[in-house]
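In the numbering used here, the protein residues as written are 552 to 866.
Backbone N, C-alpha and C fix where the C-beta goes; we use that ideal spot for every residue, glycine too.
Note that the structure is a prediction, hence the values are computed from the model and not measured.
What follows is one structure encoded as structure tokens, with my remarks underneath.
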């Protein structure tokens with residue numbers, strides 16, 4: 552379906568042509584009419600049409616269509632996966648239309664931490680089952696070196712150098728990751744979600760099954776990156792203590808949550824997994840910082856400070 556046709560169908564044209572903010576000033580609550588809701592997000596605008604059971608997603612000004620094209624390629628290829636279906640899209644990646652899921656956001660479905668944890672474990676199991684089809688093996692040393700090179704280039708080329716007082720990787724992390732990679736010939740990479748949290752999960756009303764939303768940041772990553780993000784509290788699922796303490800416990804296999812207890816406890820494997828996760832997390836934050844004009848500088852610096860406080864030689 553062409554963009555103009557969708558705009559006419561929904562009776563709003565500005566969000567599709569220019570994504571002008573003027574349309575969002577019409578009503579303070581962001582809604583237009585009884586059955587149409589316009590929801591501004593970080594990189595996109597969502598127009599939810601409850602009459603058509605569809606949501607149209609458009610890129611906001613200043614953002615490349617690259618992430619949308621990846622999202623379209625990912626979700627239009629497998630309609631049985633744990634995400635909502637794509638119904639239509641533009642060739643240039645400027646918009647897509649997806650099904651409007653009838654369900655309840657997980658973060659509103661329960662306030663009980665134990666119930667929330669069980670739901671996230673179920674969601675993670677669904678995600679990891681789907682990820683097996685995308686799995687591929689890579690040389691561990693080459694992958695670690697590629698991550699390090701990407702980070703070092705990012706420190707030089709991105710806003711990190713000017714916005715972060717600390718823009719270096721700890722030598723202990725580099726030494727530990729490279730040593731562990733040298734003794735483990737291969738790593739398994741999968742198509743990661745990379746932003747998995749209760750705010751990105753909806754429980755379908757008809758089946759009671761979880762649907763994972765917001766695949767804009769999805770990319771190939773370490774097999775357990777999503778699981779470790781949850782288990783180490785990197786996406787704010789878990790409370791304090793800080794990331795460095797949780798990483799230290801992970802390295803010594805003293806895990807205190809169900810997300811990490813299922814992982815191997817061998818010291819060499821933990822050193823490799825912990826190092827690769829830390830490097831991928833820094834890459835993720837550098838990418839987010841560039842995408843959002845430096846908005847993630849505080850998070851990047853906090854992450855680097857935590858990584859510098861980890862005793863990477865102590866398993």
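Using DSSP bridges, identify the partner residues of residue i.
| i | result |
| --- | --- |
| residue 640 | 647 |
| residue 772 | 741 |
| residue 654 | 755 |
| residue 600 | 587, 605 |
Within a Cβ cutoff of 8 Å, which residues of the same chain sit near residue i, ignoring the five residues on either side of it in sequence?
| i | result |
| --- | --- |
| residue 657 | 667, 670, 671, 674, 749, 750, 752, 753, 754, 761 |
| residue 806 | 782, 800, 812, 814 |
| residue 617 | 644 |
| residue 816 | 804 |
| residue 737 | 688, 689, 690, 691 |
Is the beta carbon of residue j closer than 9 Å to that of residue i?
| i | j | result |
| --- | --- | --- |
| residue 720 | residue 588 | no |
| residue 626 | residue 637 | yes |
| residue 688 | residue 739 | yes |
| residue 684 | residue 735 | no |
| residue 827 | residue 741 | no |
| residue 744 | residue 678 | yes |
| residue 732 | residue 823 | yes |
| residue 622 | residue 651 | no |
| residue 724 | residue 861 | yes |
| residue 648 | residue 680 | no |
| residue 756 | residue 653 | yes |
Grab me the residues of residue i's own chain with a C-beta within less than 6 Å of its C-beta, minus the 5 sequence neighbours each way, in chain order.
| i | result |
| --- | --- |
| residue 794 | 857 |
| residue 728 | 695, 826 |
| residue 839 | 847 |
| residue 620 | 644 |
| residue 863 | 723, 724, 727 |
| residue 747 | 777 |
Let me know the secondary structure DSSP gives residue i once reduced to three states.
| i | result |
| --- | --- |
| residue 591 | strand |
| residue 767 | coil |
| residue 674 | helix |
| residue 606 | strand |
| residue 761 | strand |
| residue 833 | helix |
| residue 622 | helix |
| residue 746 | coil |
| residue 687 | strand |
| residue 694 | helix |
| residue 659 | helix |
Enumerate in chain order the residues of its own chain whose CB-to-CB distance from residue i is below 7 Å, with the five nearest sequence positions on each side excluded.
| i | result |
| --- | --- |
| residue 821 | 801, 802, 804, 866 |
| residue 704 | none |
| residue 702 | 720, 830, 833, 834, 837 |
| residue 809 | 668, 672 |
Exercise. Taking only runs of the alpha helix (DSSP H) that begin and end inside the stretch 798-822, which ones reach a length of at least 4 residues, in chain order?
Worked result: Listed in chain order, they are 809-812.
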